[in-house]
Amino acid sequence: MAAEHVQLLHNVIVPISRLTGGGGGGLGSNSIGSGTTIYLDPEVLRISSRGGAGSRVDGGGVSQGGGFGGGGGGREHGTEGIACFAELIAINGIFLDHKIESIAGNVIVFDVDLVQLRTALAATLQSIGNMGGDFGGARSVPLHNSSEDARNSSFRSTSSNFHSSSSFVVVMKLAKRGGLPCLCLDTSCANGSLDVHHAVPVRILRAEEWQHHLPPVVNTPDVQLEFQLDRPLRPVIERMKAISPIIYVEGSMAGEMSLKIDSDAVAIQTFYDKLIPRVDEESSQSQQEPAKCTLKVDSKKLLASLQWQSSMARGSVGSYIICLIRNEMMVVHVMLSPEDVGQVFVDSFALFSTYLTSCSSPTTYQYITFQKTCLTIEMIN
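If you want it as structure tokens, here you go:
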């Protein structure tokens, strides 16, 4: 891996760990679905993370059994649900060179503590930065530097300013350290001035267990609106979260969206217009009027799902798309710019309830999905 690939992987893992609480505890549990699971084959790298049990926005308990709307459906909820699911291209993508060998059809699956992996990646970037690396000499600026993220901006600026040449190489491999399986990050410099090693303990799983870590299937959105980067949602939601635990998100295929809070003390509504509707041919022919959709969202989870607006550097994201699915979920697709790094796409699901009262038992499992040059953050009701 080159330094910029390590930076990209770190930027992907940060919002996942924020949403899922780090995925800790997976190594100490034998139950399926604990912690964070990584899948490796000759073509892709996938990350599947499960979050803690959620709570209902209206104060009720979390449904552990039924599907959407509280009915049956065989889907998992709460601690058993996928919190984040990510997929990255391995060949000519996140890795400069990639080799996987196993008796299970060259597939390797293992559990890992996401906080430890995030720390190891951050330390690797810091080590390269201390050696005077520079990504082309340009300082990367976060998309939005809020008050909370300002304290960490100095590290992001430093860790993003490495040399893009092959002078620094990071090797990621599975090996035994002290008799235990570990995911190792070995950093070296061409002139031999840097040699840093990190080992993160893992728990090896059977390849067939990966079927328990796949993301859920989502329905076609009712509303899809494209935003430009000069209109970020995070600063507005950050201020609304301090006032109300619930935000109402209303979108229209007429190119309009509003964020609203309504409490005993104050009522605030923010409007966005001149957005770009993303219309598929079938829906455009069947509907006479622009579709509308309103969702009731947990403000804390919504803010966490927009973490990429502070962790992804300016220039690495092209635009983002807000998708609203009636009675089910909110989806945020983030289109990444650096196509040379291959397929990169993050989906993160955050807990939220819909505005419609017919969905009385919200689904609480969450996940992140990666596809080509697209970071997708999906929020399931």
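Per numbering that gives the first Met the number 0, the sequence shown starts with residue 0, numbered consecutively.
Glycine residues also receive a C-beta, built at the ideal position from the N, C-alpha and C atoms.
Just checking, does the stretch 194-209 make contact with the stretch 110-130 on the three C-beta pairs under 8 Å criterion? yes
In this structure, how does DSSP classify Glu-100 when only helix, strand and coil are distinguished? By 1-based counting over the sequence shown, the position of residue 100 is 101. Here Glu-100 sits in coil by DSSP.
By Cβ distance, which residues of its chain are closer than 6 Å to Ala-189, with the 5 residues on each side in sequence left out? Here residue 189 is taken as the residue at index 190 of the sequence shown, counted from 1. Correct list, in chain order: Ser-166.
I'd like the list of long-range same chain contacts for Val-168, defined as Cβ closer than 6 Å, with 5 residues on each side in sequence excluded. Counting from one through the sequence shown, the residue named residue 168 turns up at place 169. Here the set comprises Ser-187.
Every unbroken alpha helix (DSSP H) inside the stretch 229-274 [4 residues or more]: 233-240
Once the 5 residues before and after Val-43 are set aside, which same chain residues still bring their CB inside 7 Å of it? Working through the sequence shown from its first residue, we reach residue 43 at position 44. Cβ neighbours of Val-43 beyond the five flanking positions: Glu-86, Leu-87, Ile-88 and Ala-89.
Within the same chain, show all residues whose beta-carbon is closer than 6 Å to that of Ile-267, passing over the 5 residues directly before and after it, in chain order. Numbered from 1 along the sequence shown, position 268 holds the residue referred to as residue 267. If we look at Ile-267 and ignore the five residues flanking it on each side, its Cβ neighbours are Ile-260.
Going by the beta-carbon positions, is the gap between Val-331 and Ala-206 smaller than 8 Å? For this step, residue 331 is matched to residue 332 along the sequence shown. For this step, residue 206 is matched to residue 207 along the sequence shown. For Val-331 and Ala-206, no; Cβs fall outside 8 Å.
Taking 7 Å as the cut-off, is the C-beta of Asp-96 nearer than that to any heavy atom in the ligand SAM? With respect to the ligand SAM, the structure offers nothing, as it holds no ligand at all.
Just how far apart, CA to CA, sit His-212 and Lys-291? Counting from one through the sequence shown, the residue named residue 212 turns up at place 213. Counting from one through the sequence shown, the residue named residue 291 turns up at place 292. Between His-212 and Lys-291, the C-alpha separation is close to 33 Å.
Kindly indicate which residue of Lys-295, Glu-100, Lys-175 and Arg-238 has the alpha-carbon position closest to the one of Ile-324. Working through the sequence shown from its first residue, we reach residue 324 at position 325. When only C-alpha atoms are compared, the closest one is Lys-295.
Which stretch, first to last residue, makes up the beta strand (DSSP E) that contains Ser-48? On the sequence shown, residue 48 is found 49 positions in, with the first residue counted as 1. Residues 43-49.
Could you spell out where the alpha helix (DSSP H) holding Ile-127 opens and where it closes? Here residue 127 is taken as the residue at index 128 of the sequence shown, counted from 1. Per DSSP, Ile-127 belongs to the alpha helix (DSSP H) from 113-129.
Let's see if you can read the secondary structure: which residues bound the beta strand (DSSP E) around Leu-302? Counted from its first residue, the sequence shown places residue 302 at position 303. First-last for Leu-302: 298-304, but that is the alpha helix (DSSP H), not the beta strand (DSSP E).
Starting from the Cα of Asp-279, find the closest Cα among Ser-47, Cys-322 and Val-333 and give me that residue. Taking the first residue of the sequence shown as position 1, residue 279 is located at position 280. Taking only the C-alpha atoms, the option nearest Asp-279 is Cys-322.
Taking the beta carbon of Val-248 as the centre, do at least 16 other beta carbons fall within 10 Å, making it buried, or is it exposed? Taking the first residue of the sequence shown as position 1, residue 248 is located at position 249. The residue in question, Val-248, is buried, as its Cβ has 16 or more Cβ neighbours within 10 Å.
Give the straight-line distance between the Cα atoms of Lys-300 and Pro-14, rounded to the nearest whole angstrom. Counted from its first residue, the sequence shown places residue 300 at position 301. Counted from its first residue, the sequence shown places residue 14 at position 15. Spanning the two alpha carbons is a distance of roughly 11 Å.
Which residue marks the beginning of the beta strand (DSSP E) containing Gly-317, and which one marks its end? Your numbering for residue 317 matches position 318 in the sequence shown. Here the beta strand (DSSP E) through Gly-317 covers 316-324.
Whose C-alpha, out of Thr-118, Val-5 and Gly-104, is nearest the C-alpha of Leu-95? Counting from one through the sequence shown, the residue named residue 95 turns up at place 96. When only C-alpha atoms are compared, the closest one is Val-5.
CA nearest to the CA of Thr-118, picked from Val-199, Ile-46 and Pro-41: Stepping through the sequence shown from its first residue, residue 118 is reached at position 119. When each option's Cα is compared against that of Thr-118, the closest is Val-199.
Residue burial classification, Leu-179 (beta-carbon count within 10 angstroms, cutoff 16): Translated into the one-based positions of the sequence shown, residue 179 becomes position 180. Classification of Leu-179: exposed, given that the 10 Å Cβ count is below 16.
Going by beta-carbon coordinates alone, are Asp-40 and Ile-99 separated by less than 8 Å? Position 41 of the sequence shown, counted from the first residue, corresponds to residue 40. Position 100 of the sequence shown, counted from the first residue, corresponds to residue 99. Yes, Cβ-Cβ distance for Asp-40 and Ile-99 is below 8 Å.
How far does the beta strand (DSSP E) with Ser-166 in it extend, from its first residue to its last? Indexing the sequence shown from 1 puts residue 166 at position 167. Counting along the chain, Ser-166 falls outside any beta strand (DSSP E), and DSSP gives it neither H nor E.
Helix, strand or coil for Thr-219? Go by DSSP, reduced to three states. Start at 1 with the first residue of the sequence shown, and residue 219 comes out as number 220. In the structure shown, Thr-219 sits in coil (DSSP, three-state: anything other than H, G, I, E or B).
Secondary structure of Glu-225, DSSP reduced to three states: Along the sequence shown, one-based indexing puts residue 225 at 226. Glu-225: strand per DSSP, three-state reduction.
Going by beta-carbon coordinates alone, are Leu-182 and Val-201 separated by less than 8 Å? Numbered from its first residue, the sequence shown carries residue 182 at position 183. Numbered from its first residue, the sequence shown carries residue 201 at position 202. Their beta carbons are under 8 Å apart, which means Leu-182 touches Val-201 by this criterion.
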